[in-house]
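These protein sequences, in sequence, are chains A and B.
Under the working numbering, the first sequence has 1035 at position 194, and the numbering climbs by one with no breaks.
Under the working numbering, the second sequence has 937 at position 96, and the numbering climbs by one with no breaks.
Glycine included, C-beta positions come from ideal geometry on N, C-alpha and C.
Protein chains: 2
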Amino acid sequence: MFENKENRTELSSLGEFGLIDHLASFVELKNSESVKGIGDDAAVINNEGDATVVSTDMLVEGVHFDLTFQPLKHLGFKAVAVNLSDIYAMNAIPKQIVVAVALSNRFSLEAIEELYEGIQMACDKYSVDLVGGDTTTSTAGLVISITAIGRAKKEDIVYRSGANVGDLICVSGDLGGAYVGLQLLEREKRIFLENPKIQPDLSNADYILERQLKPEPRRDIIEKLKQAKVHPTSMIDVSDGLSSEVMHLCKQSGTGCTLYEDKFPIDPQTFEKAREFHLDPTVCALSGGEDYELLFTIKQDDYEKIRMHLDISIVGHMVAKEEGLHLVDKSGNQVKLEAQGWKAF
Amino acid sequence: MFENKENRTELSSLGEFGLIDHLASFVELKNSESVKGIGDDAAVINNEGDATVVSTDMLVEGVHFDLTFQPLKHLGFKAVAVNLSDIYAMNAIPKQIVVAVALSNRFSLEAIEELYEGIQMACDKYSVDLVGGDTTTSTAGLVISITAIGRAKKEDIVYRSGANVGDLICVSGDLGGAYVGLQLLEREKRIFLENPKIQPDLSNADYILERQLKPEPRRDIIEKLKQAKVHPTSMIDVSDGLSSEVMHLCKQSGTGCTLYEDKFPIDPQTFEKAREFHLDPTVCALSGGEDYELLFTIKQDDYEKIRMHLDISIVGHMVAKEEGLHLVDKSGNQVKLEAQGWKAF
């Protein structure tokens, strides 16, 4: 105690994924019920019969959200939504959440009620029970940590590791909107701080603002795939951007991939506003993050079953590991995919 | 957005338990598998056959721990221990944990490794698997949020609400040590900050320091009660002090209680060091907190089965609700028990 450490490796030298891999190397599973530990969207626990699927996420004020433009009710909704998204990404159904919140006396009861109203709204919408939690003091900002618990038949669970060469790479909804929405909010905040008399200009941006402030996890996609009798071979949710997520699928499945820029689903509003910010919409889709769409692979034989589903786009296919990870751009040039996920440190 | 709230109720006007009750009133369970939600040490989820028991706790730097005297390895161990304690307090066996950590770049990789070594030590000792988590950035201090998942046969689970009039009130181990240990650490920190050349005087205090820095959840008590075929009627772990915990049991069981000061288990070192700080050892036991012992009630008929168990003390009995909650002090005076749990706000 009362000592300083000599030996020091900066966390920035590892990055978030490096740190997770490093910490995971210490971990060894002991209980036969622990089917899957670190390394997917959620852990899988076998309870004889159905499996339990568990995922946790922590949101920190000033890092993951900014209360100047994020209403607390939306924040509560989003905090639940991002956790449920992880459970859906295992092809499981979320059933319960526990919520731990640290807050300072800067927050009034009314403020906390708003936060919990948002949490409850998400619980109602996705038929999830809030079954426990912890409420404690923070010395500075607000911290929200949610653990979601879901259920699935063991044989229904979809891991990141099941993709095969030739599988089609699919993504739900559209990409890049949440990131462009954040750029808009941050610009208007800067203007507001410089001159509080100027009203924020958020016109013609409803869609991208909602993508940023109140994302909806894709339960509907899970349900539709089930109805269509399509069992994805691998799946992950898009929290850090398409590029980072497809790399996870390839790494864990032992494959490479080819993505086609002209197949990327980008909403017209995302496209237009990205241009306004001199951003490349494709880069927003690849590296923006926070879209909470589902990225998954299917067997080529299943193509006909989902072909007419307007809210699923086929953006590429899996290739042999040795062929590497590439993007074919609109000019037909093949460029190497680079990791550009959200950098935590 | 960009707005201020007019209406404001200070959180301090409710206190932690008031806030929890208030927030719980918004919550309604929808899934039949959610057997027990907010309001006990852990939630209970029915998975056909065995039940799943879930508990979550958040530790915030500067509120729950002080890294000047808490080694990170001990902190990791303690963060797990306090969660497992909640699972044992349901008479369940912890099986998995997920760990979310927010940290700033003030921490090096070596520091985080120490933290996770402590987490892993606790996992190894209690045969628990770390199955997932989240690692993210913090703008200021370290925040650790752990969710523990346990299993139990449904009929074995012990709630806070099952005590009856006449039941004996039992507590494991001894009380007040963790609080007195904290007083000692804080005194030595003050001295050290005033004059860094003075070495901390922590002699003859090993036991209370360990109680504060590295508490051990009482799996052994759960196992021994099972062997002795004693099924507690109600149970809770002592995190906020005996007074606060016995109030929870009485409130949820609809009883009153009488505690006897001369029956309180207090270690000689706790007693001696408390006196050194001009603290009443009884008050430390009643209101100190962080002992992580088990407080439980048993039927009078079970008395013979645990009578010879040296690590369980009978400290009182349940009475009718109308008789209220009282402490009989060493002079034989009956005084009303007051809520003096840890105040979060």
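Query                                                                                                                                                                                                               : Result
Does chain A have any CB closer than 8 angstroms to the CB of residue 1022 of chain B?                                                                                                                              : no
Looking only at its chain, what residues have a beta carbon closer than 6 angstroms to the beta carbon of residue 1103 of chain B, apart from the 5 residues adjacent to it on each side?                           : 1171
Going residue by residue through the stretch 975 to 1037 of chain B, where are the continuous alpha helix (DSSP H) segments of at least 4 residues, counting only ones entirely within it?                          : 1018 to 1035
Is there contact here, the stretch 1078 to 1090 of chain B with the stretch 1061 to 1069 of chain B, by at least three beta-carbon pairs under 8 angstroms?                                                         : no
Please list, in chain order, all residues of the same chain as residue 933 of chain A whose beta carbon is under 8 angstroms from its beta carbon, the five residues on each side excluded.                         : 883, 892, 894, 991, 992, 993, 997, 998
Out of curiosity, what's the CA-to-CA distance linking residue 1044 of chain A and residue 917 of chain A?                                                                                                          : 24 angstroms
Would you check if the distance between the CB atom of residue 964 of chain B and the CB atom of residue 921 of chain B is smaller than 8 angstroms?                                                                : yes
Answer with yes or no whether the minimum CB distance from residue 1174 of chain A to chain B is below 8 angstroms.                                                                                                 : no
For residue 1100 of chain B, which option in B:1120, B:1126, B:1052, B:1108 has the closest C-alpha, if you only look at C-alpha atoms?                                                                             : B:1126
Helix, strand or coil for residue 1183 of chain A per DSSP?                                                                                                                                                         : Low per-residue confidence applies at residue 1183 of chain A: pLDDT is 40, beneath 50, and the placement is therefore not dependable, though the value from the model is reported in the following sentence. If DSSP states are grouped into helix, strand and coil, residue 1183 of chain A belongs with coil.
In whole angstroms, what is the alpha-carbon distance linking residue 1020 of chain A and residue 1033 of chain A?                                                                                                  : 20 angstroms
Going residue by residue through the stretch 1040 to 1094 of chain A, where are the continuous alpha helix (DSSP H) segments of at least 4 residues, counting only ones entirely within it?                         : 1047 to 1054, 1060 to 1068, 1083 to 1094
Roughly how many whole angstroms lie between the Cα atoms of residue 1168 of chain B and residue 1121 of chain B?                                                                                                   : 15 angstroms
What do you reckon, are the CB atoms on residue 1001 of chain A and residue 1077 of chain A nearer than 8 angstroms?                                                                                                : yes
Using a Cβ-Cβ cutoff of 7 angstroms, what residues of the stretch 972 to 992 of chain B are near chain A? List them in chain order.                                                                                 : 972, 973, 974, 975, 976, 977, 978, 979, 980, 981, 982, 984, 986, 988, 990
Identify, in the order they occur along the chain, each residue of the same chain with its Cβ nearer than 6 angstroms to the Cβ of residue 902 of chain A, setting aside the five sequence neighbours on each side. : 982, 983
With a cut-off of 8 angstroms, does the C-beta of residue 851 of chain B fall near any C-beta of chain A?                                                                                                           : yes
Bridge partners for residue 1159 of chain B per DSSP, in chain order?                                                                                                                                               : B:1098
Chain B partners of residue 1096 of chain A, CB-CB under 8 angstroms?                                                                                                                                               : Simply none; closest approach about 24 angstroms.
Under 8 angstroms, Cβ to Cβ, is there at least one residue of chain A near residue 936 of chain B?                                                                                                                  : yes
Using DSSP bridges, identify the partner residues of residue 970 of chain B.                                                                                                                                        : B:937
When we look at the beta-carbon of residue 948 of chain B and count the other beta-carbons within 10 Å, is it buried (16 or more) or exposed?                                                                       : buried
Flag residue 884 of chain B as yes if its beta-carbon sits less than 8 angstroms from any beta-carbon of chain A, otherwise no.                                                                                     : yes
I want to see whether chain A comes within less than 8 angstroms of residue 1123 of chain B, judged by CB atoms only; does it?                                                                                      : no
Can you name the residues of chain B whose CB is closer than 9 angstroms to the CB of residue 1042 of chain A?                                                                                                      : Near residue 1042 of chain A there are no residues of chain B at all, since even the closest Cβ is about 12 angstroms away, more than 9 angstroms.
Just the C-alpha distance for residue 853 of chain B and residue 1175 of chain B, rounded to the nearest angstrom, thanks.                                                                                          : 30 angstroms
Quick one: what does DSSP say residue 1118 of chain A is sitting in, helix, strand or coil?                                                                                                                         : coil
Taking 8 angstroms as the threshold (C-beta atoms), are residue 1111 of chain A and residue 1018 of chain A in contact?                                                                                             : yes
Assign residue 908 of chain A to one of three DSSP states: helix, strand, or coil.                                                                                                                                  : coil
Give me whichever residues DSSP pairs with residue 899 of chain B in a beta bridge.                                                                                                                                 : B:986
Are there 16 or more other CB atoms within 10 angstroms of the CB of residue 1148 of chain B, so buried, or fewer, so exposed?                                                                                      : exposed
Report buried or exposed for residue 1070 of chain A, applying the criterion of at least 16 other Cβ atoms within 10 angstroms of its Cβ.                                                                           : exposed
Quick check on the burial criterion: 16 or more other C-beta atoms within 10 angstroms. Buried or exposed for residue 943 of chain B?                                                                               : buried
So, are the CB atoms of residue 1123 of chain B and residue 1090 of chain B less than 8 angstroms apart?                                                                                                            : no
Please report whether the beta-carbon of residue 921 of chain B lies at a distance below 8 angstroms from any beta-carbon of chain A.                                                                               : no
When you compare only the Cα positions, how much space is there between residue 1210 of chain B and residue 1088 of chain B?                                                                                        : The shown model of chain B, from 842 to 1186, leaves out residue 1210 of chain B, and the question about it has no answer.
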